[in-house]
Each structure stands twice: as C-alpha cells, then as structure tokens.
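Have a look at the structure below, then the notes.
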Amino acid sequence: MSEGATSGIDGFTPTQLKTLEALRRPPEPLVFDPDLVADIRTEMRVALDGFTERLQPNQDVYISKYKLTSVLECEENHLIPDDFEWKPSTAKGQVAHRAIQLTLSWRGEPNPIDLVDEAMARLADEERGIGAWIAGLSPADEADLRGQSAERLTKFMECFPPLDRRANPMTESSIRWPNDGPIVLSGKVDLVMGRPRGSESSKVIIDLKTGRPNVHHREDLGFYALLETLVRSVPPRKLATFYLDAAEAQAEDVSERLLRTAVRRTLDGINKIVELHAEGRPAVRRPGVTCRWCPLADTCSDGQAYLDAQFGD
C-alpha cells in the first residue's frame with residue numbers, strides 16, 4: 309500500500325479504498341519544530357534521571373503500554389503477578405503479523421492458510437519464546453492456532469490494500485528508549501509504514517485490534533508516538549487503530565498536543581510505578597473496565613459494584 313498513491317486502485321474493494329483514504333499522506337509535508345522534539349527529549353531525560361534516584365540499588369524498571377495502562381487504572385490490579393502464558397487466543401496476533409510480513413515477498417497469489425503455516429514453521433524454528441511453545445503444540449492446539457491466525461490474516465487482507473514495499477512496511481517492530489539506565493521504555497508495534505524523508509514526519513503507526521474500541525487504544529498509540537519521537541527525533545505523522553472485526557480504522561494525526569499529552573501520561577505512570585515498586589506506597593483501588601477480567605473481582609466489593617452498575621440488569 310503506497311503512502312499516497314492514487315493510481316492502480318481499480319482492483320481494490322470499497323473497504324480497502326476506505327483504509328487507503330484514512331491513512332493517506334496529506335498534500336503538504338508535516339515537519340515538527342526541532343525545538344519541540346528537543347524539549348520533549350530533555351523533559352523525559354531529566355524526569356528519568358529523577359526517577360532513577362528513587363529506585364532501590366540494582367533495581368530495573370521496564371515500562372510498556374500494558375504497565376502504564378494498568379498502573380493508571382487500578383493499582384491493586386497492577387501489582388498482581390503476571391501469569392501470562394501462550395495459548396491460541398494470545399498467539400494468533402504474532403503468527404498473523406509474521407504472515408503479513410511474508411506477503412511482501414510471497415510469489416503468486418497469497419493464501420492465508422499457506423502464509424500462516426509458513427509463519428508458524430518459521431516461528432517454531434526460532435526455538436525460544438513463542439517458537440518453543442509452537443514447536444510443542446498438540447495437534448488440536450496447532451489446528452486451533454492455525455484457524456484463529458488465518459481468520460485474523462484473512463480479515464487484514466480483506467481490509468488493507470496490498471502492502472507496498474516502497475512504504476517500508478514493518479510488522480512486530482520493536483522500539484525502546486533509552487538504550488541504557490535502569491528505566492527503559494519499550495514497545496512492539498503491530499504495523500509501521502513510511503519511508504524516512506529527512507525531518508518530515510512520514511510514518512504511520514497502526515495497531516490491529518479485534519473487539520470494540522477502547523480509549524486505552526488511543527493512549528497506547530500515543531505512547532508509541534512518543535517512543536518514535538524519542539528514538540528517531542522525528543514524530544510519526546499519523547496513528548491508527550484498525551478494528552478487524554468491524555473493518556474500520558480510527559486514525560488520528562500526530563500533533564504537539566498529542567505528544568505532550570503522551571509525555572504527561574507516561575511520566576505520571578512511571579511515577580506511580582516507582583512509588584509502588586521502589587518506595588512501598590500502598591496501592592490504590594480504582595474500579596474500571598479492567599474489573600471485567602481482574603482475578604480479584606470476585607472478592608472486590610468496589611469492583612462488583614462497578615460491574616453491576618455498568619453491566620448489570
């Protein structure tokens with residue numbers, strides 16, 4: 309999918325054309341003031357130095373979008389030990405993203421099942437993380453993963469025009485800042501598009517989602533935009549959450565206000581994490597949408613009251 313091409317679209321579906329329009333590059337180049345980028349980098353660097361002074365000796369803190377969201381919602385939920393484990397429903401996204409990557413150089417007409425099979429085989433060869441899990445799957449779980457991943461990939465291919473190599477598309481693109489120190493901000497973006505153009509903001513950061521829109525999806529993308537600004541010194545031009553089930557993109561232009569909001573939210577979250585994990589402040593309970601899947605919900609009166617008010621009869 310070209311960043312701004314209008315030719316060669318005769319074979320696109322209406323949904324693909326709608327996606328192309330949502331992500332199209334504006335006619336005028338977007339270039340942010342270098343002083344803004346320098347100011348953001350300085351503010352973040354000074355803040356991280358201050359947070360570092362409050363850490364315990366040899367204490368490392370890794371900041372992801374998930375940790376920020378959890379600590380800014382319910383701190384008690386945030387402190388629950390992470391019991392993540394791979395299963396078809398949690399692995400389908402990573403398999404589908406590797407399959408999307410394969411479409412860039414696939415010979416002939418790409419078939420979702422063939423792409424997913426190749427993606428699973430390549431991930432299994434890596435023999436670590438998800439690869440080790442895939443290699444040990446039972447036939448039933450392997451079939452379940454293949455089916456769920458193929459469904460996700462099929463929806464993507466139906467919604468997106470073919471990815472244009474000239475736009476430098478990258479899937480599962482990792483980013484981190486800074487590269488040293490005990491506090492590190494990190495993320496992994498579903499899809500990034502855009503060829504560098506000097507100081508012009510050309511990249512589009514895309515998160516692929518199923519289910520319904522959530523305000524945190526926009527906040528997650530703001531965190532990614534901040535990371536891209538800190539690492540490359542050039543903000544992206546647009547952020548988009550693409551809801552595959554609804555075939556709908558919610559896109560937002562990157563602005564100074566968006567970046568400064570992301571700075572404030574990120575620093576607020578890091579401050580709370582330092583207070584909880586390094587300084588021992590008691591956690592604050594805040595009922596919210598996370599109550600729907602919180603393991604403490606059955607014994608949390610506040611959480612039960614929130615769920616009854618929101619989803620009760």
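The sequence shown: position 280 = 588 (our numbering), numbered continuously. Ideal Cβ positions, reconstructed from N, Cα and C, are used throughout, including at glycine. Treat the numbers as computed from the prediction; the structure is a model and nothing was measured.
Through-space distance from residue j to residue i, alpha-carbon basis
i    : j    : result
A554 : G588 : 43 angstroms
Y614 : G596 : 7 angstroms
T321 : P470 : 11 angstroms
W414 : E426 : 11 angstroms
T314 : A475 : Unreliable placement is indicated for T314, whose pLDDT of 38 sits below 50; the coordinate value is still reported in the next sentence. Computed Cα separation, rounded: 14 angstroms.
I491 : G416 : 46 angstroms
M428 : P521 : 29 angstroms
Q324 : L566 : 27 angstroms
G273 : T377 : Nothing can be reported for residue 273: it is not among the residues displayed for the chain, which extend from 309 to 621.
D357 : I371 : 15 angstroms
H383 : T598 : Note that residue 383 corresponds to Glu in the displayed sequence, not to His. Approximately 11 angstroms between the Cα atoms of the pair.
V369 : G319 : 49 angstroms
P418 : K373 : 33 angstroms
R332 : M501 : 11 angstroms
When the options are compared against residue i, the one with the closest alpha-carbon
i    : options                   : result
V345 : S509, E583, D616 and V523 : S509
I442 : A399, S378 and V571       : A399
Q367 : K496, D498, Q618 and V582 : V582
V424 : P447, L453, D341 and D433 : L453
V539 : K546, A451, W485 and L547 : W485
D391 : M465, C602, H524 and F619 : C602
R473 : R593, T411, V542 and A591 : T411
V562 : V571, E351, V354 and K546 : K546
P543 : V592, G506 and H405       : G506
L431 : D449, V403 and R593       : V403
D341 : G502, R600 and E564       : E564
I513 : D488, P477 and N487       : P477
P396 : D433, E434, D488 and P447 : P447
V592 : R600, L575, D610 and E450 : D610
A533 : T574, K517, T518 and Y551 : T574
Simplified DSSP state of residue i, which is helix, strand or coil
i    : result
T549 : strand
G312 : For G312, the pLDDT reaches just 41, beneath the cut-off of 50, and the residue's location in the model is therefore unreliable, although a value from the coordinates is still provided. In the structure shown, G312 sits in coil (DSSP, three-state: anything other than H, G, I, E or B).
G444 : coil
T479 : strand
R436 : coil
E508 : strand
V542 : coil
V339 : strand
I581 : helix
I388 : coil
K400 : helix
T462 : helix
V592 : coil
Identity of the residues DSSP links to residue i by a beta bridge
i    : result
E560 : L547
K517 : Y551
Y370 : V492
L499 : T479 and I514
W485 : L493
For residue j and residue i, believed in contact at Cβ under 8 angstroms, the rounded distance
i    : j    : result
L493 : L535 : 6 angstroms
A407 : S457 : 7 angstroms
I348 : T537 : 6 angstroms
V379 : K580 : 5 angstroms
T549 : K517 : 6 angstroms
9 angstroms Cβ cutoff, residue i in contact with chain B
i    : result
H525 : As a matter of chain content, chain B is missing from the structure shown, which is built from one protein chain.
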